[in-house]
Structure formats: structure tokens, C-alpha cells
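Taking it in order: structure first as C-alpha cells, then the write-up.
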Amino acid sequence: MTALTILLVLVLLLVVFGLLFRLQILTSIFSGTYVREIGMSNRINAVLMLVFMVVGGAAFFWSFSENFNKMNPPVASIHGHAMERMFWTTMTVIGIAFVLTQALLFVYSYKYQHKEGRRAYFFAHNNTIEVVWTIIPAIVMASLIFAGWKAWTRITGPAPKDSVVVELMGKQFNWLVRYPGRDMKLGVINYRLIDASNDFGFDLSDKAALDDFTSTEIHVPKGHPVLIKIRSRDVLHAVYMPHFRVQMYAVPGMPTRFWFTPTMTTDEMRAHLGNPKFDYELACNQICGASHFAMKAKLIVDEPDDYQAWYAKQSPNSANADMMASYKQTSQNAGLGKGGSLGAKAAAIEETGETPAAPLSAQTAM
């Protein structure tokens with residue numbers, strides 16, 4: 073606290089001295105005694121521009137190389153390699169333009185510093201230069217945008233028919249995860265049915281919702297397309313999975329989607345990184361409130377056989393007695409009837425003890 077206080081005092085003193093200096097100049101101007109002097113300070117500033125360019129550039133490249141692996145994790149999806157190429161192509165083009173323009177800015181600041189007797193050359197107009205600096209950037213930017221549009225429409229468009237379907241619902245401050253059951257269809261959800269036992273708002277009068285199930289972890293199979301359906305229950309969130317190069321907003325009232333194909337299981341990535349504690353992570357990277365930092369979920373990429381074994385062990389909604397009872401009460405309170413076709417279907421599933429288990433080839437994109 074003492075150091076902070078001293079720093080604030082020093083800053084305030086600098087501000088005060090600066091204002092006093094400006095006041096002195098204004099007083100001299102109004103009194104007619106002000107004489108503009110261009111001396112050593114101008115040359116020092118010109119040299120400092122070059123120093124800043126060299127030192128700042130060196131610091132940037134050192135920081136970039138030191139942190140490259142942290143900001144560029146290994147790619148673990150098929151489309152991720154195309155996204156990586158597109159990203160670095162864009163960065164290269166923009167980087168070259170940035171370095172050239174900034175270098176010229178600092179060099180010209182030094183070369184054309186003020187000198188007595190020197191006058192700037194007035195360059196009125198040149199059609200050739202204007203055409204060149206308009207057409208070339210336009211072609212380059214249009215090419216980059218077209219490449220990005222193609223990649224974007226591919227990963228947000230229709231997923232392969234045999235895709236594994238996972239629905240994610242963001243809420244302050246965690247992720248809800250649900251899977252379709254044996255029928256491979258996600259049931260209807262209704263926000264008016266959301267309560268402590270029914271986080272998703274399952275409408276259990278829809279037969280397709282009875283065998284859906286939720287999970288605290290996200291499991292997906294390696295080498296198989298995965299369609300992620302995304303919703304938000306309150307504010308803007310974002311599904312961000314850096315190793316898969318997946319990023320998609322979760323927008324209240326507007327379902328979104330994204331599909332990808334994982335290429336490395338969790339165990340394979342642990343071996344690749346030499347980190348036995350590594351886990352793939354789903355994070356919200358849109359600031360969504362006070363506990364935004366805690367909005368994460370673990371994603372596990374399994375071998376296909378392991379995924380099916382995990383899938384077969386999951387319990388459907390109809391096996392959740394609390395949810396069934398809560399649904400009946402909540403639906404009546406919301407004026408949605410008594411549950412429709414709930415009874416017979418739920419009783420049949422509970423009596424036979426069926427669990428959602430189906431081969432990956434039976435999974436269909438919704």
C-alpha cells in the first residue's frame with residue numbers, strides 16, 4: 073500500500089508540473105513574449121523514436137517466442153489444421169504490413185524531424201498510387217475473408233448424418249450437458265419447466281425427452297463427428313475449446329451449433345504433452361458475470377469402444393424420480409397439463425431397466 077501511495081503521489085506531481093509548464097507557455101503567448109525554440113529536445117525525441125522501435129520490436133519478438141506454445145496449443149481436431157493454416161496465413165499477411173508501416177513511421181519520424189529552413193513537400197494527387205493501394209489490399213482482404221467464410225460455413229453447416237449429438241446449455245456459472253437416448257433424438261425443452269430438479273427444462277410429455285440424459289462431463293469418441301448444439305439460459309456465453317479450435321457463442325433465445333471431429337484421445341494428448349494430469353477443457357471466454365472465471369467443464373475424448381461403454385451406463389431422465397415428480401408439479405403450475413403421454417412410456421422404461429445404448433453408427437444429427 074505504501075508503494076502504491078508513493079507512486080500515486082509521483083504521478084500527481086508530474087501532472088501538476090506539466091500543467092504549470094503549459095500555463096507558463098500560455099501566459100507567454102498571451103503576453104507576446106513567447107518564442108518557439110526547437111533545440112536539443114527535438115533531436116533527442118527523434119533518436120528516441122528509433123530506440124523505441126528497436127527495443128520495443130525486440131521485446132515483442134522475445135515475448136512472442138517465449139509464449140508461443142501457451143497461446144498455440146496442439147491441434148486435436150480435423151478442421152483445426154485448416155483453421156490453423158488460415159489463422160497463420162492471415163497473421164503473416166497482416167504482420168508484414170504492420171512491420172513495414174510501423175518501421176517507416178519511426179524511421180520517417182527520425183529522418184524528417186524538424187529543421188530550420190526545411191519545408192514539407194506538398195504532394196497533391198497521384199491516381200496510380202491511389203489505385204495500387206486500394207486494389208491490392210482489397211484483393212488480399214477479399215481472399216482472406218472468402219477463405220474464412222468457406223471454413224465457417226463448413227463447420228457451422230449440416231453435420232454428417234452419423235454425428236454424435238451433444239447439447240450444451242450455458243448458465244451463470246456452469247455448463248449443462250445432455251445427450252439423446254436410445255431413440256437418438258433430443259426431446260423438447262421448455263424454459264417454463266426449469267426448476268431445481270429440471271435444470272434443462274425437459275418437457276417430459278415429449279416421448280423423445282424421456283430417454284435423454286445429462287452428464288457432469290462431456291464425453292465424445294475419437295475419430296467420429298461430434299455435433300454440438302448450443303443454448304444459453306440467461307446471458308451471452310461462449311463455447312471455447314482451444315485444442316479443437318472450437319469457438320461459438322451461446323446466445324439467449326438463439327440456438328447455435330458447431331461440429332468437429334476429435335483426432336486425439338485424452339490419454340494420447342497427455343502422452344503427447346508429457347502431462348498425466350492434462351484434461352481437455354470447455355471454457356466460457358465471454359465475460360458473463362462475477363463468477364465467469366469458474367465457468368468451465370471437462371471434456372473427455374474416448375476411444376470409440378470406451379465411449380459406447382460410458383454411454384451405456386448413463387441413466388435416462390425417466391429414471392430420475394425427483395425430476396419426474398417435479399415435472400408433473402411444475403407443468404401443472406405452468407398450465408401445461410398433467411404430462412401428456414408421460415406415464416406409460418416412463419413406466420415401461422423404469423420396469424425394463426433400459427438404458428440408452430446404441431452403436432455410433434446409429435447416432436444421427438438433429
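Position one of the sequence shown corresponds to residue 73 (our numbering), numbered consecutively onward. Just so you know, even glycine gets a beta-carbon here, dropped at the ideal spot from N, CA and C.
Assignment of alpha helix (DSSP H) within the stretch 318-351, counting only whole runs of 4 or more residues, yields 338-345 in chain order.
Approximately 17 Å separates the beta-carbon atoms of G152 and R329; this is outside 8 Å, ruling out the contact. DSSP places P376 in the uninterrupted alpha helix (DSSP H) bounded by 376-384.
The beta carbons of D271 and L248 sit about 5 Å from each other, so the pair counts as a contact at 8 Å.
Rounded to the nearest angstrom, the gap between the Cα atoms of A343 and F285 is 31 Å. Around the C-beta of S363, fewer than 16 other C-beta atoms lie within 10 Å, and the residue is accordingly described as exposed.
Residue pairing of N246 in beta bridges, as defined by DSSP: K243. The beta carbon of Q319 is closer than 6 Å to those of Y312 in its chain, skipping five residues each way along the sequence. Distances from the alpha-carbon of E353 to those of F365, C360, G346 put F365 closest.
Between the alpha carbons of K370 and F350 lies a distance of about 10 Å.
Taking D394 as the centre and dropping the five residues before and after it, the same chain places the C-beta of S269 closer than 7 Å to its C-beta, in chain order. I359 carries a coil assignment under DSSP once its states are collapsed to helix, strand and coil.
Contact between M367 and C356 holds, since their C-beta atoms are separated by about 4 Å, short of 8 Å. By the CB criterion at 9 Å, L122 and F170 fall outside the cutoff. Taking a contact to require three or more Cβ pairs closer than 8 Å, the stretch 228-248 and the stretch 289-308 qualify as touching. Its chain contains Q244 as the residues whose beta carbon lies nearer than 6 Å to that of G361, once the 5 sequence neighbours on both sides are disregarded; these appear in chain order.
Contact between P388 and D283 holds: their C-beta atoms lie close to 4 Å from each other, under 8 Å. Its Cα nearest to that of P334, the residue H291 stands out among G325, A322, L76, H291. Around A281, the same chain offers G259, V260, F274, D275, N389 as residues with beta carbons nearer than 7 Å, after the five sequence neighbours per side are excluded. Judged by DSSP in its simplified three-state form, A268 adopts coil rather than helix or strand.
L84 sits in a helix when the DSSP states are folded into three classes.
With respect to the 9 Å criterion, P293 and Q380 are classified as neighbours on the basis of their beta carbons. By the criterion of a C-beta distance shorter than 8 Å, L265 is surrounded in its chain by G273, F274, D275, Y399, T402, S403, A406, L408, once the five residues flanking it on both sides are discounted. If you draw a 10 Å sphere on the C-beta of V373, you find 16 or more other C-beta atoms in it, and that means buried. Rounded to whole angstroms, the Cβ separation of P327 and R303 is 5 Å, and the two are in contact under 8 Å. With fewer than 16 other CB atoms across the displayed protein chains lying within 10 angstroms of its CB, A131 is exposed. Taking 9 Å as the cut-off, the beta carbon of M241 is found closer than this to the beta carbon of R250. In the DSSP annotation of this structure, M112 is not part of any beta strand (DSSP E); the continuous alpha helix (DSSP H) holding it starts and ends at 112-138. Around the beta carbon of D377, fewer than 16 other beta carbons sit within 10 angstroms, so the residue counts as exposed. For F274, the three-state secondary structure derived from DSSP is strand.
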